[in-house]
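Just so you know, the protein sequences line up as chains Y and Z, in that order. So my numbering is basically just the index in the first sequence, starting at one, shifted up by 1451. So my numbering is basically just the index in the second sequence, starting at one, shifted up by 1369. Glycine included, each C-beta is placed from N, C-alpha and C at the ideal position. Shown next, in structure tokens, is the structure this report addresses.
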Amino acid sequence: GAGVSQSPRYKVAKRGQDVALRCDPISGHVSLFWYQQALGQGPEFLTYFQNEAQLDKSGLPSDRFFAERPEGSVSTLKIQRTQQEDSAVYLCASSLGGRGGPQHFGDGTRLSIL
Amino acid sequence: QKEVEQNSGPLSVPEGAIASLNCTYSDRGSQSFFWYRQYSGKSPELIMFIYSNGDKEDGRFTAQLNKASQYVSLLIRDSQPSDSATYLCAPNNQGGKLIFGQGTELSVKP
């Protein structure tokens, strides 16, 4: 597709459930990033992939958060045993090259934990 | 000190005026700087990026960078109501990730 595609757009889950969020980057983009955005705040970095390698996961808030990009294209962010504080918009971005280039964002997944 | 600080909003300007958005950052290793526009309920949209000291112009937008002062700004000339949005400053640190400020909400009044 022309842009970064994320699914689902909205996800409602009960506390304690596991969720999986998908990101399909712009075709050919090497780098893929996940960010978390709370209401009224700027996005916060979660993790970064270059192709299939996860080069930085320093922003993942706990070991309940896990991300993968097994074939260097589509990525999945998984949150286990969800908690209310996980409610946020999860944004995926991709960039053509390695570190430092412009990042283009998808529409995000709005996650609500009840 | 926050890694990225933006002037607190909301910033209100009349239609046709110049809007000035400011940002300071703490990581001296940052090499590239991005401005994103985010409409309410939408995702950030890249509008400008700058790598070198000085000014970069693109249409009604001008980005200004001063690495010695760790300062980057965005000027919007001839502001339009459609420019009303939150503007996010984001240096790219040496690790590749963007470090976002809290954003400045801009309101352009007709």
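Neighbour flag for residue i against chain Y, beta carbons, 8 Å
i                             : result
phenylalanine 1430 of chain Z : no
asparagine 1376 of chain Z    : no
serine 1409 of chain Z        : no
serine 1395 of chain Z        : no
leucine 1390 of chain Z       : no
glycine 1464 of chain Z       : yes
proline 1460 of chain Z       : no
leucine 1457 of chain Z       : yes
leucine 1467 of chain Z       : yes
proline 1413 of chain Z       : yes
serine 1442 of chain Z        : no
glutamine 1439 of chain Z     : no
serine 1453 of chain Z        : no
C-beta atoms of residue i and residue j nearer than 8 Å
i                             : j                         : result
glycine 1479 of chain Y       : leucine 1547 of chain Y   : yes
valine 1463 of chain Y        : serine 1563 of chain Y    : yes
arginine 1561 of chain Y      : arginine 1466 of chain Y  : no
tyrosine 1318 of chain Z      : serine 1401 of chain Z    : Residue 1318 of chain Z falls outside the range modelled here, since chain Z spans only 1370 to 1479, and no answer is possible.
threonine 1498 of chain Y     : alanine 1471 of chain Y   : no
asparagine 1461 of chain Z    : glycine 1551 of chain Y   : yes
isoleucine 1416 of chain Z    : tyrosine 1408 of chain Z  : no
glycine 1549 of chain Y       : glutamine 1501 of chain Y : yes
serine 1412 of chain Z        : glutamine 1439 of chain Z : no
phenylalanine 1469 of chain Z : proline 1476 of chain Y   : no
glycine 1465 of chain Z       : serine 1482 of chain Y    : yes
glycine 1557 of chain Y       : glutamine 1468 of chain Y : no
Environment of residue i [buried if 16+ CB atoms lie within 10 Å]
i                         : result
glutamine 1487 of chain Y : buried
aspartate 1537 of chain Y : buried
glycine 1410 of chain Z   : exposed
lysine 1371 of chain Z    : exposed
alanine 1454 of chain Z   : buried
leucine 1490 of chain Y   : exposed
serine 1448 of chain Z    : buried
serine 1399 of chain Z    : buried
arginine 1520 of chain Y  : buried
Bridge partner(s) assigned by DSSP for residue i
i                             : result
phenylalanine 1517 of chain Y : Y/Lys1529
proline 1481 of chain Z       : Any answer about residue 1481 of chain Z is impossible in this case: the structure gives chain Z only from 1370 up to 1479.
valine 1455 of chain Y        : Paired residues: none, contrary to the question.
lysine 1425 of chain Z        : Z/Ala1432
lysine 1462 of chain Y        : Y/Leu1562
valine 1481 of chain Y        : For valine 1481 of chain Y, which the question treats as bridged, DSSP gives no partner whatsoever.
proline 1460 of chain Z       : Z/Phe1402
phenylalanine 1496 of chain Y : Y/Tyr1486
alanine 1454 of chain Z       : Z/Leu1475
CB contact below 8 Å: residue i versus chain Z
i                         : result
glycine 1479 of chain Y   : no
glutamine 1487 of chain Y : no
leucine 1542 of chain Y   : yes
glycine 1557 of chain Y   : yes
aspartate 1475 of chain Y : no
glycine 1467 of chain Y   : no
tyrosine 1499 of chain Y  : yes
serine 1482 of chain Y    : yes
glutamine 1422 of chain Y : What the structure shows of chain Y is the stretch from 1452 to 1565, and residue 1422 of chain Y is not part of that stretch, so it cannot be assessed.
glutamine 1492 of chain Y : yes
proline 1553 of chain Y   : yes
Distance cut-off 7 Å: residue i Cβ against heavy atoms of the ligand ZN
i                        : result
tyrosine 1499 of chain Y : Although the ligand ZN was asked about, the structure shown includes no ligands whatsoever.
Do the segment 1526-1534 of chain Y and the segment 1375-1383 of chain Z meet, that is, are 3 or more Cβ pairs less than 8 Å apart? no
Any contact between the segment 1423-1435 of chain Z and the segment 1538-1547 of chain Y? By contact I mean 3 or more CB pairs, one from each, below 8 Å. no
Are at least three pairs of beta-carbons, each pair with one atom in the segment 1504-1511 of chain Y and one in the segment 1378-1394 of chain Z, less than 8 Å apart? no
Between the segment 1382-1394 of chain Z and the segment 1461-1479 of chain Z, do at least 3 Cβ pairs fall closer than 8 Å? yes
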